[in-house]
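Take a look at the structure set out below.
Numbering (our numbering), first residue to last: 2 to 109.
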């Protein structure tokens with residue numbers, strides 16, 4: 002699904018503006034120490050980076066967000082982070098890392 006979307010060149014200016022807004026939102030969530038908002042912000046940032054073909058930046062955002070999602074206890078959000086982490090690793094042709102959470106989930 003995402004491979005097909007990536008072939009349809011997204012408007013990077015729109016995404017860059019959204020990424021800037023997401024960074025602002027993360028700064029505010031950090032000041033409030035709101036783990037759920039931090040997890041959601043990192044997830045959205047990761048999705049944006051995957052969409053504009055910046056998988057390494059996506060991995061950094063999603064890995065950070067996965068920690069916040071785990072701390073908040075939100076299993077659904079943890080799953081969403083893992084899904085896009087796999088997509089980012091897949092974009093780098095790193096297939097073994099993309100499927101690693103299936104063999105060994107990162108949290109108990």
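Cβ atoms here follow ideal geometry from the backbone N, Cα and C, with glycine treated the same way.
{"Check": "Residue 43 beta carbon less than 9 Å from that of residue 65", "Outcome": "yes"}
{"Check": "Close Cβ partners of residue 67 (< 6 Å) along its chain, the five nearest in sequence each way excluded", "Outcome": "82"}
{"Check": "Contact check, residue 98 vs residue 53, beta carbons under 9 Å", "Outcome": "no"}
{"Check": "Rounded straight-line distance, which links the Cα of residue 59 to that of residue 156", "Outcome": "Past the edges of the chain, shown from 2 to 109, lies residue 156, and the structure says nothing about it."}
{"Check": "CB contact flag (residue 49, residue 19, <9 Å)", "Outcome": "yes"}
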